[in-house]
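Residue numbers (the numbering used here): 1 to 332.
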C-alpha cells in the first residue's frame, strides 16, 4: 500500500496510516497464507544440516530442488549442506484451517443475497507431498469451488427456500470440495452456510410486510373483541327484558288474583273476563298516576281524565278485539 507524503504538521497522521496499512497487510497475509507451503531454513547458521520441525507442521526435504523425504517433529539431521545450496526445506501446517467465503448471487425471485460459507480444511497426513507441491493457492481454489456451487444452487430457490435449505447448500458445497480438494491432499471437515444477507432494501420491505401483517391481525382481533362485546351486551339486554317481562307478568297475575280474591271473598260470585280486565286497567291507571306524581318533571295529559274513563277504554279495546275476530273481517 502506498501512502502519500503529507506536510510536517500531519506527520502523526501519516504514522498512523502507515501502521494501519502494515497491520491490515499482516492480517491478510496470515489469513491467506495459513495453508500455503513456505520455504524454511535450518536451525544452524550457514547450513541446513539440522532442522527443528514443530509439532504442528509437515517438513519436506529437497536435495538440490528435488523432493527427497518428509521429516518427523523434533530435531532432525537432513544431510550435509553448505550455505543452503544442497538441502532446502518446505513446510505446511497440519492444523485445521477455516476459510470464510462470501458469494454474491441472486435467488429465483430476483433478490440479491450475500452468502457466507465457512469451510474447515486440513492436510491429509498421507498426502502431504501433494498438498505441498500440487496446489499453489489453497484458498483461491476453495473460493472458486464454493462460488460455483452456491451460484448454481441458490438461483433455483426463492428467498424463503434459501433460508430453509441452508443445510442442503452446505452439503452440496462439502461434497464438491471433498472430491475436488482430495486430489490435492486436503480433507474437508465441514462447510457451513453461516449467514445469508439479502439486500438492505429487501430486508426493510420484508420487515414492513411483517409489520403490516401484525397490524392487520391486531385490527381483526380488536374488531372481533368489539363484536363480542356488542353481541354479549345485546344478549344481556334481551335476557334482562325477558326477565323483566316475566316479572311484570307475574306481578300482574298476582294483582289480578289478589283483586279477585278480595272482591269475591265470602261470596259465591265469579268475576268475568271483562271485570278482571277493567280491574287490571284501573290498577295500571292508578299506578301511572302514582309514577307521574313521583316525578316532578313529568308532563302527561290524560283525555278524558277520570277514573270512569277507564271503563270506556276497556270497552273500546274489547270491541276492537271482537271486531277483529268477526268472520266478516277475515275476508278484508
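Using N, Cα and C, we set each Cβ at its ideal position, and we do this for glycine too.
**Q.** Where residue 130 falls: helix, strand or coil (DSSP)
**A.** helix
Q) Around the C-beta of residue 75, are 16 or more other C-beta atoms found within 10 angstroms, so that it is buried, or is it exposed? A) exposed
Q. Near residue 124, what residues of its chain come up, given a Cβ to Cβ distance below 6 Å and the 5 sequence neighbours on each side ignored?
A. 185 and 187
Q) Would residue 97 be called buried (16 or more neighbouring beta carbons within 10 Å of its own) or exposed? A) buried
Q. Can you tell which of 117, 130 and 199 has its C-alpha closest to the C-alpha of residue 143?
A. 117
Q. When the Cα of residue 92 is compared with those of 263, 73, 110 and 109, which residue comes out closest?
A. For residue 92, the nearest C-alpha among the options comes from 73.
Q. For residue 140, which option in 263, 99, 218 and 168 has the closest C-alpha, if you only look at C-alpha atoms?
A. 99
Q | Simplified DSSP state of residue 24, which is helix, strand or coil | A | No answer about residue 24 holds up, because its pLDDT of 35 lies below 50 and its placement is not dependable.
Q. Mapping DSSP to helix, strand and coil, what is residue 52?
A. strand
Q) residue 160 by DSSP, collapsed to three states: which one? A) helix
Q) In its own chain, which residues sit with a C-beta less than 6 Å from the C-beta of residue 103, not counting the 5 before and 5 after it? A) 115, 147 and 150
Q: Could you name the residues of the same chain whose beta carbon sits closer than 8 Å to that of residue 47, not counting the 5 residues immediately before and after it, in chain order?
A: 81, 82, 83 and 84
Q. Near residue 156, which residues of its chain fall below 7 Å by C-beta distance, leaving aside the five closest residues on each side in sequence?
A. 108
Q: Return the chain-ordered list of same chain residues with a C-beta closer than 7 Å to the C-beta of residue 207, the five sequence neighbours on each side being excluded.
A: none
Q: Consult DSSP for residue 279 and reduce its assignment to one of helix, strand or coil.
A: helix
Q.
Taking the beta strand (DSSP E) that residue 184 belongs to, which residues open and close that run?
A. Note, residue 184: premise wrong, no beta strand (DSSP E); not H, not E.
Q) Between residue 280 and residue 252, which are expected to be in contact by the criterion C-beta below 8 Å, what is the C-beta distance as a whole number of angstroms? A) 7 Å
Q.
Looking only at its chain, what residues have a beta carbon closer than 6 Å to the beta carbon of residue 88, apart from the 5 residues adjacent to it on each side?
A. 62
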